[in-house]
Amino acid sequence: MKLSFYPGCSLEGMAVDYARSIDAVFQALDIDLIEIDDWSCCGATAAHSLSEAMSVILPARNLYAAEQMGLDIVSCCANCFNRLRFSQQMIQKRVLDIPWPVTGDLKVHDMTRFLADPDMIKQIEKRVLKPLSGLKLVCYYGCQMVRPPRITGYTDYENPQTLDRISTATGAQVIDWSYKATCCGASIGIARREIGDSLTKRLLDKARQAGAEAIVVSCPLCQSNLDMIQKDGLERPIPIFYFTELLRLSFSDRGNPRWFKTHFANPVPLLKAKRLLR
Amino acid sequence: MNTPVTDQKNVTQPNPAKKRKLIGDRGNYFLNRIQGETGANVSACYQCERCTNACPVSYFMDIKPHQAMRYVQLGWREDLLTSSTIWVCLSCEMCTTYCPNEVGVAEVINHLRNIAAHSSITPKERNLAVFHQTFLEVLRKSGRVNEFRLMNAYYLKPNILHEKIKSGSFKEEILLGLTLFRKGRLKPFTARSKAIKDIQKAYKQARGEIV
Ligand code: SF4
Ligand code: SF4
Chain G
3 MKLSFYPGCS
13 LEGMAVDYAR
23 SIDAVFQALD
33 IDLIEIDDWS
43 CCGATAAHSL
53 SEAMSVILPA
63 RNLYAAEQMG
73 LDIVSCCANC
83 FNRLRFSQQM
93 IQKRVLDIPW
103 PVTGDLKVHD
113 MTRFLADPDM
123 IKQIEKRVLK
133 PLSGLKLVCY
143 YGCQMVRPPR
153 ITGYTDYENP
163 QTLDRISTAT
173 GAQVIDWSYK
183 ATCCGASIGI
193 ARREIGDSLT
203 KRLLDKARQA
213 GAEAIVVSCP
223 LCQSNLDMIQ
233 KDGLERPIPI
243 FYFTELLRLS
253 FSDRGNPRWF
263 KTHFANPVPL
273 LKAKRLLR
Chain F
330 MNTPVTDQKN
340 VTQPNPAKKR
350 KLIGDRGNYF
360 LNRIQGETGA
370 NVSACYQCER
380 CTNACPVSYF
390 MDIKPHQAMR
400 YVQLGWREDL
410 LTSSTIWVCL
420 SCEMCTTYCP
430 NEVGVAEVIN
440 HLRNIAAHSS
450 ITPKERNLAV
460 FHQTFLEVLR
470 KSGRVNEFRL
480 MNAYYLKPNI
490 LHEKIKSGSF
500 KEEILLGLTL
510 FRKGRLKPFT
520 ARSKAIKDIQ
530 KAYKQARGEI
540 V
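Sequences listed follow chains G and F, in order.
Letter by letter, the first sequence follows residues 3 to 280 of the working numbering.
Letter by letter, the second sequence follows residues 330 to 540 of the working numbering.
Put into structure tokens, the structure is as follows:
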């Protein structure tokens, strides 16, 4: 199977570990991800905050490049996915003139929903060599991936299940909690630290209260936001995993501690205690 | 709304600082404009406050989301454009999703932010406005946004730099940057997108236009 892949800017910097684990997982699943030719930034929060026109045009350039390749798009960042979908809908509605001949007919997948498809889950289960049994997780979706439902197409936006299904397939124990889709405040964290921190700390607290040992995320911004606040070493650090990191770990019979060396909340002691890492 | 002040003769007079605003003195121009430009049905809002209760940052806003909808109905444009609300909003879409009347609250607030950005009004949350601006500047230059370049450009904005040095958090930021670099998460040089030429053309085309 072939898909065009929109990595997004974070994957080249802050989210290197996400990038590596995505490569490994899709290789194991025999799916070719072909990077969109000369892709450019989707504009994220800044573009639609300052100019709504730009927030349609910027992703449109990438949709156009993917249409040239003729492959459905998969995006691994919640914000990029949201912006691509939004732009696609605006193009279909012909809201404004786009400088490129783009139809907006391709499918835009977000990576979690793509992998949580029943057929893909079967493929994943087949490849799990070492079930992550005993690992207690909560799944955190964030806001941009599930909301607004008319753009993202999620019907279960109050209690999304895609990450839960994938994590369960790796053999981990998934705990239910009420903060699955509460915003982590990443977009505001740099300019107004105290607002961002208040949201992030609440999420960590609630995850701990739910009895989780780690949080699973699928968005580079959520990960760095939830991870970096633990840089000063909390009493009980709570590692933040990308879901692909867990898949990669379960696909190999002996994980490698080096895979997690960019994390601030170091997951290695937890994984060693659970005998999931040698 | 208007707090009475008592003068020496014991006659209550309205506080001039809190002048009473007239309701409906401007017609529905602003309401119609916002509804037309965003497609949001602001007139349907019946002030149930569900949006405000769902909003994760309403605590930090001076005009709460449900109040903002009322302000739009009343045409209180200046109050909205000078509010912190429009900049603090995270566009997390909680409000829109949970509104029983399908008022596009987040879309309206985002649109107000657009209008404020294209006006001469000084944003109440200056840092947030500068951050968005810097993001687009970096994007315009290299087609992709490298975190290293973004943080550099943002921290070197005159006011931000001044603030950081004064509050003493500058050193902390540099240390964090170094840690990130050592962990391999901050890359000073990453590929640029050659599509930037096309994008610049698009920028020109879009300048000054509002969707
Ligand atoms: S939830 Fe909707 S109807 Fe209720 S106050 Fe907010 S905008 Fe108005
Ligand atoms: S979109 Fe803005 S106003 Fe609406 S809930 Fe989120 S932060 Fe609050």
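Heads up, the beta-carbon is just placed ideally off N, CA and C, and yes, glycines get one too.
Worksheet item: Does the region 23-36 of chain G touch the region 262-277 of chain G, meaning 3 or more C-beta pairs lie closer than 8 angstroms?
Response: no
Fill in: Alpha-carbon to alpha-carbon, Pro103(G) and Ser180(G)
43 angstroms
Item to complete: Mind reading off the beta-carbon distance from Tyr142(G) to Leu205(G)? Whole number of angstroms is fine, and I expect it under 8 angstroms.
Response: 7 angstroms
Worksheet item: Would you call the region 464-472 of chain F and the region 68-79 of chain G touching, i.e. three or more CB-CB distances under 8 angstroms?
Response: no
Worksheet item: Pro151(G) to Thr184(G), Cα distance in whole Å?
Response: Going from the Cα of Pro151(G) to the Cα of Thr184(G) covers about 14 angstroms.
Worksheet item: Hey, would you say the C-beta of Asn430(F) is under 7 angstroms away from at least one heavy atom of ligand 1?
Response: yes
Discussion item. Am I right that Leu108(G) and Glu215(G) are in contact with their C-beta atoms under 8 angstroms? What's the rounded C-beta distance?
Written reply: Leu108(G) to Glu215(G), Cβ: 39 angstroms. No contact.
Item to complete: Compare the C-beta of Val334(F) against all C-beta atoms of chain G and say whether one is closer than 8 angstroms.
Response: Residue placement at Val334(F) cannot be trusted, given a pLDDT of 47 that sits under 50; what the coordinates show is reported in the next sentence. So no, Val334(F) is outside the interface.
Practice prompt. Please list the partners that Glu476(F) has in chain G, where partner means a Cβ-to-Cβ separation under 7 angstroms.
Written response: Contacts between Glu476(F) and chain G, judged by CB atoms closer than 7 angstroms, involve Gly15, Met16 in chain order.
Practice prompt. Could you work out which residues of chain G lie near Pro385(F), taking near to mean beta carbons separated by less than 8 angstroms?
Written response: Thr184, Cys185, Gly187, Leu201
Worksheet item: Can a CB atom of chain G be found closer than 8 angstroms to the CB of Met330(F)?
Response: Residue confidence is low: Met330(F) scores 44 on pLDDT, short of 50, so the model does not pin down where it sits. No coordinate-derived value is stated.
Item to complete: Apply the 10 Å Cβ neighbour rule to Pro61(G) and answer buried if 16 or more other Cβ atoms are within range, or exposed otherwise.
Response: buried
Worksheet item: Closer than 7 angstroms: is that where the CB of Ala446(F) sits relative to any heavy atom of ligand 4?
Response: Absence of ligand 4 is noted for the structure shown, with ligand 1 and ligand 2 being the only ligands found.
Worksheet item: When the Cα of Leu139(G) is compared with those of Arg85(G), Met3(G), Phe243(G), Val130(G), which residue comes out closest?
Response: Taking the Cα of Leu139(G) as reference, the smallest distance to any Cα among Arg85(G), Met3(G), Phe243(G), Val130(G) is reached at Phe243(G).
Worksheet item: Listed in chain order, which residues of the region 118-150 of chain G have Cβ atoms closer than 7 angstroms to some Cβ of chain F?
Response: Cys145, Arg149, Pro150
Worksheet entry | Runs of alpha helix (DSSP H) wholly within the region 381-437 of chain F (minimum 4 residues, chain order) | Along the length of the region 381-437 of chain F, whole alpha helix (DSSP H) runs at least 4 residues long occupy 394-403, 406-410, 414-417, 423-427, reported in chain order.
Fill in: Residue environment, Lys493(F), which counts as buried when at least 16 other CB atoms sit within 10 Å
buried
Worksheet entry | Residue(s) in a DSSP beta bridge with Gln175(G) | Lys138(G)
Practice prompt. Check the DSSP bridge columns for His111(G) and list the partner residues they point to.
Written response: Val76(G)
Worksheet item: Based on Cα-Cα distance, which residue from Lys533(F), Ser471(F), Gly506(F) lies nearest to Ser522(F)?
Response: Ser471(F)
Worksheet item: With contact counted as at least three CB pairs below 8 angstroms, one residue from each stretch, are the region 412-423 of chain F and the region 385-401 of chain F in contact?
Response: yes
Fill in: Gly472(F): contacting residues in chain G (beta-carbon distance under 7 angstroms)
Ser42, Cys43
Practice prompt. List the whole-angstrom C-beta distance separating Leu52(G) from Asn443(F), where the pair is believed to meet the contact cut-off of C-beta under 8 angstroms.
Written response: 7 angstroms
Discussion item. Which residues of the region 485-514 of chain F have a Cβ closer than 9 angstroms to any Cβ of chain G? Give them in chain order.
Written reply: Ile489, Ser498, Leu505, Thr508, Leu509, Lys512, Gly513, Arg514
Discussion item. Under 8 angstroms, CB to CB, which of the residues in the region 63-76 of chain G have a partner in chain F?
Written reply: Arg63, Ala67
Item to complete: Note down, in chain order, each residue of its chain lying with its Cβ closer than 7 angstroms to the Cβ of Gln337(F), except the 5 sequence neighbours on either side.
Response: Caution is warranted here: a pLDDT of 47 is assigned to Gln337(F), below 50, making its placement in the model unreliable, and no coordinate value can be reported.
Worksheet item: Can you find a heavy atom of ligand 2 that lies under 7 angstroms from the Cβ of Glu422(F)?
Response: Yes, Cβ of Glu422(F) sits closer than 7 angstroms to a heavy atom of ligand 2.
Discussion item. What does the Cβ neighbour count give for Asn161(G), buried or exposed, with the cut at 16 atoms within 10 Å?
Written reply: exposed
Worksheet item: In angstroms, rounded to a whole number, what distance separates the CA positions of Glu14(G) and Arg210(G)?
Response: A direct Cα-to-Cα measurement between Glu14(G) and Arg210(G) gives close to 31 angstroms.
Fill in: Proximal chain A residues relative to His461(F), where beta-carbon distance stays under 8 angstroms
Of the chains in the structure shown, none is chain A; the protein chains are G and F.
Discussion item. For a contact defined as C-beta to C-beta under 9 angstroms, what are the partners of Pro414(F) on chain G?
Written reply: The displayed chain sequence assigns Thr, not Pro, to residue 414(F). Simply none; closest approach about 13 angstroms.
Item to complete: Between the Cα of Phe460(F) and those of Gly433(F), Ala482(F), Gly513(F), Thr508(F), spot the shortest distance and give me the residue it belongs to.
Response: When only C-alpha atoms are compared, the closest one is Ala482(F).
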